[in-house]
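Position in the sequence shown (first residue = 1) + 1477 = this note's numbering. See below for the structure under consideration.
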Amino acid sequence: MNFPRSPEPIGTIEEIRDWIISGSEHEMRFAIQGAARYSIGMIDQLLEDLSYEHDANCDRFLRGWLDTLDPLERLAAAVATEHHYQLSLVAISQAADRALVQVMESVKPAIEDLAKNF
1478 MNFPRSPEPI
1488 GTIEEIRDWI
1498 ISGSEHEMRF
1508 AIQGAARYSI
1518 GMIDQLLEDL
1528 SYEHDANCDR
1538 FLRGWLDTLD
1548 PLERLAAAVA
1558 TEHHYQLSLV
1568 AISQAADRAL
1578 VQVMESVKPA
1588 IEDLAKNF
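Structural data, given as structure tokens:
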């Protein structure tokens, strides 16, 4: 699932929440695009509020959102949201492994991005 980042973010945090709950492909795309205007902390809190009741949709959203972030942001977001897979998204198949893979896959691009700047 690869959703490009929208040049103009859309949606309030409440709309993003509703789009995630809906889970339709169309609304999930809006949720991911809309997340671009919010901090990692805000998205983490949104997932905290939703994940126990909408774990599959939160997983889809989280994976799609991480794919849109720049390398350093992606690493920070993967680390910041890792706990969801260990606590609230445990019903997702291989949840702990998925969290670890997301962090590990984020490290190399982040290091490469840092190396370019030095």
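Every residue gets a Cβ at the ideal spot worked out from N, C-alpha and C, and that includes glycine. Nothing here was measured: the structure is a model prediction, and the numbers come from that model.
DSSP three-state call for leucine 1524: helix, strand or coil?
helix
Just tell me which of Ala1513, Thr1545, Leu1539 has its CA closest to the CA of glutamate 1525.
Leu1539
Hey, is the region 1542-1561 in contact with the region 1512-1531, meaning 3+ C-beta pairs nearer than 8 Å?
yes
Apply the 10 Å Cβ neighbour rule to methionine 1505 and answer buried if 16 or more other Cβ atoms are within range, or exposed otherwise.
buried
Using DSSP with H/G/I as helix, E/B as strand and the rest coil, what is alanine 1568?
coil
Does the Cβ of serine 1565 have 16 or more other Cβ atoms within 10 Å, making it buried, or fewer, making it exposed?
buried
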